[in-house]
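J.: Mind looking over this structure? Questions follow.
Protein chains: 2
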Amino acid sequence: MNADPSQGGRPARAGSRKSELIALASRMFREHGYHGVGMRALADAAGMQAASLYHHFRSKEELLLHTIYVVDRDMVVEQMPLLDGPGSHAERLAALVRAHITHIGANRDAWLVAGRELRALSPERLEAVQSYRRDYQRRIARHIAEGVEAGEFDCPDPRLAGLAILDLINGPNEWFDPAGRLTIEEIADRYADMVVRQLTAPARTVPGGLTTRDEDT
Amino acid sequence: MNADPSQGGRPARAGSRKSELIALASRMFREHGYHGVGMRALADAAGMQAASLYHHFRSKEELLLHTIYVVDRDMVVEQMPLLDGPGSHAERLAALVRAHITHIGANRDAWLVAGRELRALSPERLEAVQSYRRDYQRRIARHIAEGVEAGEFDCPDPRLAGLAILDLINGPNEWFDPAGRLTIEEIADRYADMVVRQLTAPARTVPGGLTTRDEDT
DNA sequence: TGACAGCCCTAACGATCGTTAGGCAACCCC
DNA sequence: GGGGTTGCCTAACGATCGTTAGGGCTGTCA
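These protein sequence lines map, in sequence, to chains A and B.
Counting from 1, one number per residue, gives the positions in the first sequence under this note's numbering.
Counting from 218, one number per residue, gives the positions in the second sequence under this note's numbering.
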C-alpha cells in the first residue's frame, strides 16, 4: 500500500493531513463498509501505523462521523437556503434539485457512506444527523405546500411528494459514474426538469381519501 | 437471547429451520450490517451455537447470498413479466411499479440488505446479482421507449427515465414504516400515479443535445 | 538554547472474528 | 433393530479487531 510517497518525516502542508485521512476513510468505507475496514487497513493505505490514527481521531466512530457530517451539514446550510432565494416556487425547487445532485457528484464517497453507515453511529450522534435530514425533508414538503397554495403546483399530498423527490434526487448517489454517458450536471438538469414537470402537470385521480394527520411517513 | 423455546431436540417442521435462519439473518444484517453481525450473534438469536450454523450454510457469505437472492429473483420472475401483460403501456408500467413497491413492503429486511451489502459478495456472486438488476433496468427502459414510439409516452431520454423510475420506486425501501401514515399499498398507488403522470405530461425543454450512444448511465 | 507541540513509531492488551474437527441424540426407512 | 440422515453440541484454531501505553524524532518559537 503506502499511498503517500512523502513519508520521510516531512511535515507537508499544515492541518491538511487530517482531511486527507477523512477523504481516504470515505473512500474505503464506501468500498467495503464501515465494519469492513479495519484501522490497520486504513493506516496501511495512508502509509502509517494503526495506532497513529489515534493522534488525529479519538475513535473509529469519530472518524466515521467526520465523513458523514460534511454531507448533512452542506445539505442544510448550502442547499436548503436556495428555497428562500428569488424566483418562482418551481425555479427555487429546481435550483435545490440541481445543487443537491451536483453536490452528490462532488462528494460521492461521503454520500454513499452517509446513506449506508448511519447505524454504526452512537445513538446521540445518530440523532444529530437524523435531525438534519428531517429538517431538510420538512422544508421541501413545506415548499411544495406553499407552491400549491400559490396555485403554482398541483399536488394531492405534499408530504409524500417531498419524500418522492428525495427518493429521486438521492438515486444518482447509488449509480452515478463519472465515466458514464451523462455528466452530473446533465443529470441534475434533467432530474430538475422531471421534478418540476411532475408538480406542474395536472394531477391524476387517486383512489380513496387518505389524508390523516399524524407525524411522518 | 435463545428465541426458540422448543430447543429440547424436537425436529419441528421439516426444512423450515433454514428459511427461519435466513429471515433472522436478513433482519440482523439490516440492523447492523453484514460485517456488523457475527456468526455467534446470529446463533445466539436463533438459540443455537455458532458452529451449528455451518450445518445449514457453507459460509457466512452463502447466508448473505440467500438473503439477497429472494429479492432479485422475484424482481425478474414476478415483477418484470408484468410489462408483457395486457393493457396500455401506462397500465402495465403502473402495475409493475405497484408490484415492486408492494414487494418491498413485504420483504423489507431482505430489500435493505440487498441494497447495501452487495459489496460483501464474492466477485462471481456479485456479477450474478447485478446481471439481474441490469436486465430489470433495461427492460423498463425498453418499455418506456416502446411507449414513446407508440405515442403514449412523452420522454426525451428513456434510459435516464428508467433510472429515475428505479430511483423513485426503490426509495420507500429506505424509509417505509409499517406504523406510518400510509400503508405500503397506498404508497404504491400514489407512486404509480406519479410515474405515469411524469411520462404522460408534455415534456419540458432540456438544454443542449445529449444523446450519445454508449452503454449505461 | 531549551521548551513544546505535532506527528509518527513499536509493542502489546483482551476480545471477537469465521471456520473446522469430531461427537452425540433423535428421527426415518427397510 | 440396524443404517443413515438431520440437527445440534463442545472445543479449539489462527487471524484480526479497536484501543492503549509509552517513547522518539522534527519542526517552531521564545
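C-beta: ideal position from N, C-alpha, C; glycine also.
Being a predicted model, the structure only gives us computed values, none of them experimental.
Which of the residues in the segment 404-422 of chain B, read from start to end, lie with their CB under 9 Å from any CB of chain A?
T.: So the close ones are I404, D406, R407, Y408, D410, M411, V413, R414, Q415, T417, A418, P419, A420, R421 and T422.
J.: Can you pull the chain A residues whose beta carbon is under 7 Å from the beta carbon of R333/B, in chain order?
T.: Within 7 Å Cβ-Cβ: R116.
J.: Residues in the same chain with beta-carbon distance under 6 Å from H283/B, minus the five sequence neighbours each way, listed in chain order, please.
T.: Excluding positions up to five away in sequence, the list reads I239.
J.: Between I184/A, F153/A and F176/A, which lies nearest to P202/A when the distance is taken from Cα to Cα?
T.: For P202/A, the nearest C-alpha among the options comes from F153/A.
J.: Which value, in whole angstroms, describes the spacing of the CA atoms of L313/B and R407/B?
T.: Taking the straight line from one Cα to the other gives about 13 Å.
J.: Report yes or no: is there a C-beta of chain A within less than 7 Å of the C-beta of D384/B?
T.: It does; some Cβ of chain A falls within 7 Å.
J.: Please name the residues in the segment 240-262 of chain B whose beta-carbon is closer than 8 Å to at least one beta-carbon of chain A, in chain order.
T.: Per Cβ criterion, the list reads E248, H249, G250, Y251, H252 and G253.
J.: Find the nearest neighbour of S305/B within the set G253/B, D394/B and E366/B, judged by alpha-carbon distance.
T.: Minimum Cα distance to S305/B is reached at E366/B.
J.: Mind listing the chain B neighbours of W175/A? Cutoff is C-beta to C-beta under 7 Å, in chain order.
T.: The contacting residues are L380.
J.: What is the residue span of the alpha helix (DSSP H) that A90/A lies within?
T.: Counting along the chain, the alpha helix (DSSP H) containing A90/A begins and ends at H89 to A106.
J.: Measuring only between beta-carbons, confirm whether G304/B sits less than 7 Å from chain A.
T.: Answer no: the Cβ-Cβ gap between G304/B and chain A never drops below 7 Å.
J.: Go through the segment 314-389 of chain B residue by residue and report every complete run of the alpha helix (DSSP H) that reaches 4 residues or more, in order.
T.: If we require 4 residues or more, the alpha helix (DSSP H) runs fully inside the segment 314-389 of chain B come out as 325-333, 340-366 and 375-387.
J.: Relative to the alpha-carbon of Y275/B, which residue among K235/B, P389/B and E248/B has its alpha-carbon at the smallest distance?
T.: Reading off the sequence, residue 275/B comes out as Arg, not Tyr. That would be K235/B, whose Cα lies nearest to the Cα of R275/B.
J.: Out of Q415/B, I318/B, H273/B and A337/B, which one is the CA nearest neighbour of H32/A?
T.: That would be A337/B, whose Cα lies nearest to the Cα of H32/A.
J.: Identify the contact partners of A120/A in chain B, using a Cβ-Cβ distance below 9 Å as the criterion.
T.: The answer, in chain order, is H249, G250 and G253.
J.: Taking Cβ positions only, does G151/A come closer than 7 Å to chain B?
T.: Output row for G151/A: interface = no.
J.: Using the Cα positions of C155/A and A409/B, report the straight-line distance between them to the nearest angstrom.
T.: Each residue's alpha carbon lies about 14 Å from the other.
J.: What are the boundary residues of the alpha helix (DSSP H) that Q79/A is part of?
T.: Run containing Q79/A: none; DSSP gives neither H nor E here.
J.: CA-CA distance, E278/B and S348/B?
T.: E278/B and S348/B: Cα-Cα distance of roughly 19 Å.
J.: Could you check how far apart the C-beta atoms of N173/A and I68/A are, in whole angstroms? I think they sit under 8 Å.
T.: With a Cβ gap of about 13 Å, N173/A and I68/A do not count as contacting.
J.: Give the DSSP-derived three-state secondary structure of P424/B in the structure shown.
T.: Its pLDDT being 39, under 50, P424/B is placed unreliably in this model, and the value from its coordinates should be taken loosely. DSSP places P424/B in coil when its eight states are reduced to three.
J.: Going by Cα to Cα distance, which pick from R356/B, F393/B, V254/B and A307/B is closest to P298/B?
T.: Considering only alpha carbons, the answer is R356/B.
J.: By DSSP, does Q49/A sit in helix, in strand, or in coil?
T.: In this structure, Q49/A counts as coil in the three-state DSSP scheme.
J.: Roughly how many angstroms lie between the CA atoms of L126/A and A45/A, to the nearest whole one?
T.: Approximately 28 Å, taken between the alpha carbons.
J.: If you draw a straight line from the C-alpha of E237/B to the C-alpha of A260/B, how long is it?
T.: Answer to the nearest angstrom: the Cα atoms are 12 Å apart.
J.: By alpha-carbon positions, which one of E403/B, E334/B and N387/B ends up nearest to M292/B?
T.: For M292/B, the nearest C-alpha among the options comes from N387/B.
J.: Between E295/B and the rest of its own chain, which residues show a CB-CB distance below 8 Å, the 5 nearest in sequence each way excluded?
T.: Excluding positions up to five away in sequence, the list reads A316 and H320.
J.: I'd like to know whether the C-beta of G171/A is nearer than 7 Å to at least one C-beta of chain B.
T.: Interface residue, yes.
J.: Please classify A396/B as buried or exposed, where buried requires at least 16 other C-beta atoms within 10 Å of its C-beta.
T.: With fewer than 16 Cβ atoms within 10 Å of its Cβ, A396/B is classed as exposed.
J.: Taking the straight line between their C-alpha atoms, what separation do you get for V37/A and R197/A?
T.: Looking at the two C-alpha atoms, the distance is approximately 42 Å.
J.: In whole angstroms, give me the CA-to-CA distance for H35/A and H273/B.
T.: So the alpha carbons of these two residues sit roughly 25 Å apart.
J.: For the alpha helix (DSSP H) holding A179/A, just list the boundary residues, first then last.
T.: Where A179/A is concerned, there is no enclosing alpha helix (DSSP H), given that its DSSP letter is neither H nor E.
J.: Excluding the 5 residues preceding and the 5 following D352/B in the sequence, name in chain order all residues of the same chain whose CB lies nearer than 7 Å to its CB.
T.: These residues qualify, in order along the chain: V293.
J.: L377/B and Q354/B look like a contact to me (Cβ under 8 Å); what is the Cβ gap, rounded to whole Å?
T.: Contact flag wrong, Cβ pair sits at about 11 Å.
J.: Please confirm whether L112/A has its beta-carbon closer than 7 Å to some beta-carbon of chain B.
T.: Answer no: the Cβ-Cβ gap between L112/A and chain B never drops below 7 Å.
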